[in-house]
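Engineer:
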Amino acid sequence: MGEFVVTVTFSIKAGHTVEFREAMLANAADSIALEPGCRLFDVCEADDGAEIFLYEIYDDKAAFDAHLATEHFRRFDRLVSPWVIEKRIATYVRLGVTTRSHKSGH
1 MGEFVVTVTF
11 SIKAGHTVEF
21 REAMLANAAD
31 SIALEPGCRL
41 FDVCEADDGA
51 EIFLYEIYDD
61 KAAFDAHLAT
71 EHFRRFDRLV
81 SPWVIEKRIA
91 TYVRLGVTTR
101 SHKSGH
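Take 1 as the starting number for the sequence shown in UniProt numbering and just add one per residue.
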C-alpha cells in the first residue's frame with residue numbers, strides 16, 4: 001500500500017490572509033519537525049492570496065490521525081478557524097512519484 005496523501009484547500013476571509021499564511025507555515029514546519037510519519041507538507045497560495053492549498057504525505061492513515069491529535073495542530077486549528085470561509089479535504093493513496101531536480105542558474 002502506498003503512502004497516505006491529504007489535500008486541503010482553505011478559502012480565507014479577506015483581511016486574514018497574511019496571518020493565516022504565517023500560522024500555516026508554522027504548522028507545516030512543526031509537522032515535519034515533530035512528526036516522524038509526516039513525509040511532506042507543501043503549502044501553496046493562490047495568486048490573490050484568498051486560497052491556500054496543502055499537499056501532505058504521511059506514512060499511513062495512522063500517521064495522519066496522529067497529526068490531527070498533536071498539540072501544534074490543535075492550536076493551529078483553534079487559531080485559524082475564525083478566518084476560514086471554507087475547508088475542503090480529500091485523501092488519496094500515493095501510487096508513485098516523478099520529479100526533476102532544479103538546475104542551478106535557472
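We put the beta carbon where it would ideally sit given N, CA and C, even for glycine.
Small disclaimer: the values here were computed from a predicted structure and weren't measured.
1) Which ranges would you report for the beta strand (DSSP E) in the UniProt domain "ABM" (4-93) if only whole runs of at least 3 residues count?
2) Cα-Cα, which of His-67, Thr-7 and Phe-73 is closest to Phe-53?
3) Decide if Ile-89 is buried, meaning its Cβ has at least 16 other Cβ atoms within 10 Å, or exposed.
4) Note down, in chain order, each residue of its chain lying with its Cβ closer than 8 Å to the Cβ of Glu-51, except the 5 sequence neighbours on either side.
5) How long is the line joining the alpha carbons of Phe-64 and Gly-37, rounded to whole angstroms?
6) Out of Val-80, Pro-82 and Glu-35, which has the shortest C-alpha to C-alpha gap to Tyr-58?
7) Assuming Val-5 contacts Ala-28 (C-beta within less than 8 Å), just tell me the rounded distance between them.
8) Exposed or buried, which one is Asp-47 when buried takes at least 16 other CB atoms within 10 Å?
9) Can you give me the C-alpha to C-alpha distance between Arg-39 and Glu-86, rounded to a whole angstrom?
Structural biologist: Result, derived from the coordinates:
1) 4-12, 38-45, 51-58 and 84-93
2) Thr-7
3) exposed
4) Thr-9, Phe-10, Ser-11, Ile-12 and Glu-45
5) Taken atom to atom, the span from the alpha-carbon of Phe-64 to that of Gly-37 is near 8 Å.
6) Glu-35
7) About 15 Å separates the two Cβ atoms, so there is no contact after all.
8) exposed
9) When rounded, the distance between both Cα atoms is 26 Å.
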